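Peer 1: Residue numbers for the sequence shown, in the working numbering: 421 to 689. Every residue, glycine too, gets a C-beta built ideally from N, C-alpha and C. Remember, predicted model here, so these are calculated numbers, not experimental data. First, the structure itself, so that you have it in front of you.
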Amino acid sequence: MKSRRRYLDLGLLPVLLIVTALVSLTAGEIRAASETADKPTTGNRESTVLITGANRGIGLALANHFHQQGFAVIGTARKPDEALALKATGVEILQLDITDPASVASLKSELQGRPLDILLNNAGIGGHSTPELKDLDIERLKDTFDVNSLGALRVIQALIPNMRMGTRRIVASMSSRMGSIEQNTGGAIGYRASKSALNSINKSLSSEFSKEDFVFVVLHPGWVRTDMTNERATYSTDESAQQLFKVITALSTRDNGRFYDLHGKSIAW
Ligand code: NAP
421 MKSRRRYLDL
431 GLLPVLLIVT
441 ALVSLTAGEI
451 RAASETADKP
461 TTGNRESTVL
471 ITGANRGIGL
481 ALANHFHQQG
491 FAVIGTARKP
501 DEALALKATG
511 VEILQLDITD
521 PASVASLKSE
531 LQGRPLDILL
541 NNAGIGGHST
551 PELKDLDIER
561 LKDTFDVNSL
571 GALRVIQALI
581 PNMRMGTRRI
591 VASMSSRMGS
601 IEQNTGGAIG
611 YRASKSALNS
621 INKSLSSEFS
631 KEDFVFVVLH
641 PGWVRTDMTN
651 ERATYSTDES
661 AQQLFKVITA
671 LSTRDNGRFY
681 DLHGKSIAW
């Protein structure tokens, strides 16, 4: 009986060893899965995103969020020395005034040979506006168009070679629901028109670059509490950035040429 028991013990030993190994392997897998579950799956430091106007407002929150989610972030600012909040996020900072061709050219040469995966044209201004047409200083609207429409176009033209070297080829430009012609309820005539022009630029480029698998989109960030708006606005910059992040990182070539809000819902042109 004793020897039979020892025989049984010895016979079970390999089985026990295998079971133990399997259990610890499975536990290891579960542990690994739960550890990675909290980690970003949508990006890593090898994916680079460039965000214009990243020193404050929505651009700053986007820079911070992309950085936290593991992207390599280049945030641009007109005055990098004064971009203290952006510096505090730990991202790379480059100088850029999107209305200044020399500044755009110097960004281009600074970034020569570096792949960019996502370009976020966020910089924008509210610009001059009056309640009534009779008071409007039309010459001042040139600035609004220079920043909101032509500014993004300058940056895109300069950085297309970098985007070609990237893997995602996403160009997202911050438009506004106010740029929708269909949903135009009046007011802010220059701002609205400048965002409509940006939407049109986006559509043109989405056609020109579709054969290279680029994804050009225009986005509405929601009504967000920044220097451009007021405290009554719906979203904090962090809330808007978190939603925009989800939309941007989920983009594919199927989305090329589209106009989305921060929840990924299409907006009428
Ligand atoms: P914001 O707080 O006023 O920030 C605007 C950013 O754009 C700043 O970083 C500013 O830099 C930069 N900028 C302005 N002119 C520039 C230029 N010539 N060159 C480079 N950067 C320039 O505005 P925001 O609310 O965050 O808006 C960000 C974007 O979202 C804009 O395109 C805006 O039209 C759009 N948007 C906002 C809302 C909203 O509810 N807030 C709604 C719809 C769309 P400086 O600090 O140097 O001026």
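1) Looking at the secondary structure, which residues open and close the beta strand (DSSP E) in which F636 lies?
2) Any idea what DSSP makes of F679, helix, strand or coil?
3) Express the C-alpha separation of N604 and M598 in angstroms, rounding to a whole number.
4) Assign S686 to one of two classes, buried (16 or more other C-beta atoms within 10 Å of its C-beta) or exposed (fewer than that).
5) Quick check: does the Cβ of K499 come within less than 8 Å of any heavy atom belonging to the ligand NAP?
6) Note down, in chain order, each residue of its chain lying with its Cβ closer than 6 Å to the Cβ of V493, except the 5 sequence neighbours on either side.
7) Should the region 650-664 be called in touch with the region 600-614, which here means at least 3 C-beta pairs below 8 Å?
8) Does the distance from the CB of F679 to the CB of S595 come in under 9 Å?
9) Considering only heavy atoms of the ligand NAP, does any lie closer than 8 Å to the CB of P521?
10) Expressed to the nearest angstrom, what Euclidean distance is found between the alpha-carbon atoms of R589 and N676?
11) Beta carbon of I494: closer than 8 Å to some heavy atom of the ligand NAP?
12) I want to check one thing, is the minimum distance from the CB of A474 to the heavy atoms of the ligand NAP below 8 Å?
13) Does the distance from the C-beta atom of L625 to that of V591 stay below 9 Å?
14) Using 8 Å as the cut-off, classify the Cβ of M585 as near or not near the heavy atoms of the ligand NAP, replying yes or no.
15) Measuring only from the beta carbon, is H548 closer than 8 Å to any heavy atom that is part of the ligand NAP?
16) Using only CA atoms, which one of F629, W689 and A497 lies nearest to N619?
17) Any idea if I558 is buried or exposed, counting beta-carbon neighbours within 10 angstroms, 16 or more meaning buried?
18) Name the residue from E632, V637, V635 and A661 whose alpha carbon lies nearest to the alpha carbon of T646.
19) Taking C-beta to C-beta, are A578 and V637 nearer than 9 Å?
20) Restricting to Cα atoms, I'd like to know which of P551, V567, S549 and L536 is closest to I580.
21) Any heavy atom of the ligand NAP closer than 8 Å to the beta-carbon of G607?
22) Where are the alpha helix (DSSP H) runs, 4 residues long or more, that stay fully inside the region 462-517, in chain order?
23) By how many angstroms is the C-alpha of L671 removed from the C-alpha of D429?
Peer 2: Put simply:
1) V635 to H640
2) strand
3) 6 Å
4) exposed
5) yes
6) V469, A483, F486, H487 and V511
7) no
8) yes
9) no
10) 11 Å
11) no
12) yes
13) yes
14) no
15) no
16) W689
17) exposed
18) A661
19) no
20) L536
21) no
22) 477-488 and 504-509
23) Interpretation of D429 is limited by its pLDDT of 47, a score under 50 that renders its predicted location unreliable; no figure is taken from the coordinates.
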